[in-house]
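Only one structure is covered here, and it is reproduced in the block below.
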Amino acid sequence: MDIRQITDRFFAAPQIDAADFAALADAGFGLVINNRPDGEVGPDQHSETMRAAAEAAGLKYVVNPLTMETMTEDRQALQRDSLADCEGKVLAYCRSGTRSTICWALAHAGEMASEDIVNAAAQGGYDLSGLKPHLEQIKNNK
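Below you can see the structure in the form of C-alpha coordinates.
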(Lines of atoms letter the chains of each structure in order from A and count residues from 1; the text may use other names and numbers.)
(Lines give C-alpha, C1' and ligand atoms only; values in the text may rest on other atoms or scores of the structure.)
Protein backbone atom coordinates (compact mmCIF):
# COMPACT_ATOMS: atom_id res chain seq x y z
CA MET A 1 0.00 0.00 0.00
CA ASP A 2 1.06 3.53 -0.73
CA ILE A 3 -0.55 5.49 2.12
CA ARG A 4 0.12 9.23 2.04
CA GLN A 5 -0.46 11.45 5.05
CA ILE A 6 -2.32 14.68 4.36
CA THR A 7 -3.19 15.72 7.93
CA ASP A 8 -2.77 14.12 11.32
CA ARG A 9 -5.95 12.10 10.71
CA PHE A 10 -6.57 12.11 6.95
CA PHE A 11 -4.62 9.94 4.53
CA ALA A 12 -5.01 9.25 0.81
CA ALA A 13 -3.91 6.28 -1.25
CA PRO A 14 -4.03 4.76 -4.68
CA GLN A 15 -6.29 1.71 -5.09
CA ILE A 16 -6.04 -0.75 -2.22
CA ASP A 17 -7.00 -4.43 -2.11
CA ALA A 18 -9.36 -6.32 0.18
CA ALA A 19 -6.36 -8.02 1.76
CA ASP A 20 -5.11 -4.62 3.00
CA PHE A 21 -7.87 -3.95 5.53
CA ALA A 22 -6.40 -5.98 8.38
CA ALA A 23 -3.15 -4.01 8.13
CA LEU A 24 -5.10 -0.75 8.04
CA ALA A 25 -6.97 -1.72 11.21
CA ASP A 26 -3.67 -2.68 12.87
CA ALA A 27 -2.25 0.73 11.88
CA GLY A 28 -5.03 2.56 13.73
CA PHE A 29 -7.38 3.43 10.90
CA GLY A 30 -11.04 3.53 11.85
CA LEU A 31 -12.61 4.41 8.51
CA VAL A 32 -11.90 3.82 4.84
CA ILE A 33 -13.60 5.95 2.18
CA ASN A 34 -13.86 4.46 -1.29
CA ASN A 35 -13.80 7.29 -3.84
CA ARG A 36 -13.50 4.98 -6.83
CA PRO A 37 -16.56 4.17 -8.97
CA ASP A 38 -17.21 0.45 -9.48
CA GLY A 39 -16.99 0.95 -13.26
CA GLU A 40 -13.25 1.65 -12.93
CA VAL A 41 -12.34 -1.59 -11.15
CA GLY A 42 -12.79 -5.32 -11.48
CA PRO A 43 -15.29 -7.31 -9.38
CA ASP A 44 -12.67 -8.09 -6.72
CA GLN A 45 -12.47 -4.35 -5.92
CA HIS A 46 -16.15 -3.39 -6.25
CA SER A 47 -17.48 -1.38 -3.35
CA GLU A 48 -19.56 -4.16 -1.78
CA THR A 49 -16.67 -6.64 -1.94
CA MET A 50 -14.41 -4.05 -0.33
CA ARG A 51 -17.07 -3.15 2.26
CA ALA A 52 -17.32 -6.77 3.37
CA ALA A 53 -13.54 -7.01 3.76
CA ALA A 54 -13.36 -3.70 5.65
CA GLU A 55 -16.13 -4.65 8.04
CA ALA A 56 -14.57 -8.08 8.61
CA ALA A 57 -11.43 -6.23 9.72
CA GLY A 58 -13.47 -4.05 12.08
CA LEU A 59 -13.33 -0.91 9.96
CA LYS A 60 -16.10 1.48 9.01
CA TYR A 61 -16.47 1.88 5.26
CA VAL A 62 -18.05 4.68 3.21
CA VAL A 63 -18.72 4.52 -0.52
CA ASN A 64 -18.37 7.97 -2.11
CA PRO A 65 -17.56 7.37 -5.80
CA LEU A 66 -16.03 10.41 -7.46
CA THR A 67 -15.24 11.58 -10.92
CA MET A 68 -14.35 15.16 -11.71
CA GLU A 69 -17.93 15.55 -12.99
CA THR A 70 -19.52 14.14 -9.83
CA MET A 71 -17.38 15.94 -7.26
CA THR A 72 -20.41 17.87 -6.07
CA GLU A 73 -20.94 19.68 -2.79
CA ASP A 74 -22.95 16.75 -1.40
CA ARG A 75 -20.09 14.33 -2.15
CA GLN A 76 -17.63 16.76 -0.58
CA ALA A 77 -19.88 17.02 2.47
CA LEU A 78 -20.03 13.23 2.77
CA GLN A 79 -16.23 13.10 2.74
CA ARG A 80 -15.91 15.92 5.31
CA ASP A 81 -18.68 14.60 7.58
CA SER A 82 -17.36 11.04 7.47
CA LEU A 83 -13.95 12.28 8.59
CA ALA A 84 -15.49 14.40 11.34
CA ASP A 85 -17.65 11.51 12.61
CA CYS A 86 -14.78 9.03 12.88
CA GLU A 87 -12.43 8.63 15.77
CA GLY A 88 -8.99 7.67 14.62
CA LYS A 89 -7.37 7.85 11.24
CA VAL A 90 -9.25 7.93 7.94
CA LEU A 91 -7.99 6.61 4.60
CA ALA A 92 -9.62 7.68 1.34
CA TYR A 93 -8.63 5.94 -1.85
CA CYS A 94 -9.20 6.17 -5.59
CA ARG A 95 -7.03 5.27 -8.61
CA SER A 96 -4.09 7.45 -7.55
CA GLY A 97 -5.30 9.24 -4.43
CA THR A 98 -5.64 12.53 -6.29
CA ARG A 99 -9.45 12.65 -6.41
CA SER A 100 -9.59 11.74 -2.74
CA THR A 101 -7.21 14.58 -1.91
CA ILE A 102 -9.04 17.07 -4.14
CA CYS A 103 -12.34 16.17 -2.49
CA TRP A 104 -10.79 16.66 0.95
CA ALA A 105 -9.37 20.03 -0.17
CA LEU A 106 -12.67 21.29 -1.58
CA ALA A 107 -14.58 20.08 1.47
CA HIS A 108 -12.29 22.01 3.83
CA ALA A 109 -11.85 25.18 1.77
CA GLY A 110 -14.29 27.10 3.94
CA GLU A 111 -12.53 26.27 7.19
CA MET A 112 -8.81 26.14 6.35
CA ALA A 113 -6.51 28.63 4.65
CA SER A 114 -5.94 27.78 0.99
CA GLU A 115 -2.17 27.80 1.49
CA ASP A 116 -2.51 25.29 4.35
CA ILE A 117 -4.64 23.01 2.18
CA VAL A 118 -2.20 23.13 -0.73
CA ASN A 119 0.76 22.54 1.61
CA ALA A 120 -0.93 19.58 3.32
CA ALA A 121 -1.67 17.98 -0.04
CA ALA A 122 1.93 18.59 -1.17
CA GLN A 123 3.19 16.91 1.99
CA GLY A 124 1.34 13.82 0.78
CA GLY A 125 2.75 14.12 -2.72
CA TYR A 126 -0.27 15.72 -4.38
CA ASP A 127 0.22 19.02 -6.22
CA LEU A 128 -2.98 21.02 -5.82
CA SER A 129 -1.37 24.41 -6.44
CA GLY A 130 -3.52 24.90 -9.54
CA LEU A 131 -6.62 24.53 -7.36
CA LYS A 132 -5.63 27.39 -5.03
CA PRO A 133 -7.69 30.12 -6.80
CA HIS A 134 -10.78 27.92 -6.60
CA LEU A 135 -10.13 27.20 -2.91
CA GLU A 136 -9.84 30.95 -2.30
CA GLN A 137 -13.11 31.53 -4.12
CA ILE A 138 -14.89 28.92 -2.00
CA LYS A 139 -13.52 30.43 1.21
CA ASN A 140 -14.55 33.95 0.16
CA ASN A 141 -18.08 32.79 -0.65
CA LYS A 142 -18.67 31.13 2.73
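Okay, so the sequence shown: first residue is 0 according to numbering that gives the first Met the number 0, each after it adds one. Using N, Cα and C, we set each Cβ at its ideal position, and we do this for glycine too. For clarity, every value in this text was computed on a predicted model and none was experimentally measured.
- In the DSSP annotation of this structure, the continuous segment of the alpha helix (DSSP H) that includes residue 140 starts and ends at 131–140.
- Minimum Cα-Cα distance from residue 51 among the listed residues 21, 70, 117, 95 corresponds to 21.
- For the options 74, 107, 128, the alpha carbon positioned closest to that of residue 32 is the one of 74.
- If you ignore the 5 residues before and after residue 36, its C-beta comes within less than 6 Å of the C-beta of 64, all in its own chain and listed in chain order.
- In the three-state reduction of the DSSP assignment, residue 108 falls in the coil class.
- Considering only 34, 17, 122, the residue with the shortest C-alpha distance to residue 98 is 34.
- DSSP places residue 91 in no alpha helix (DSSP H) but in the uninterrupted beta strand (DSSP E) bounded by 88–92.
- Its chain contains 87, 88 as the residues whose beta carbon lies nearer than 8 Å to that of residue 27, once the 5 sequence neighbours on both sides are disregarded; these appear in chain order.
- The C-beta distance from residue 1 to residue 17 rounds to 16 Å, too long to fall under 8 Å, and the pair is not in contact.
- For residue 71 and residue 109, the gap between their C-alpha atoms comes out near 15 Å.
- About 7 Å separates the CB atoms of residue 13 and residue 92; that is less than 8 Å, so the two are in contact.
- Counting along the chain, no alpha helix (DSSP H) covers residue 62; the unbroken beta strand (DSSP E) around it starts and ends at 59–62.
- With a beta-carbon spacing of about 12 Å, residue 121 and residue 6 fall beyond the 8 Å limit used to define contacts.
- By the neighbour-count definition (other C-beta atoms within 10 Å, threshold 16), residue 56 is a buried residue.
- The C-beta separation of residue 23 from residue 82 comes to about 15 Å, leaving the pair out of contact by the 8 Å criterion.
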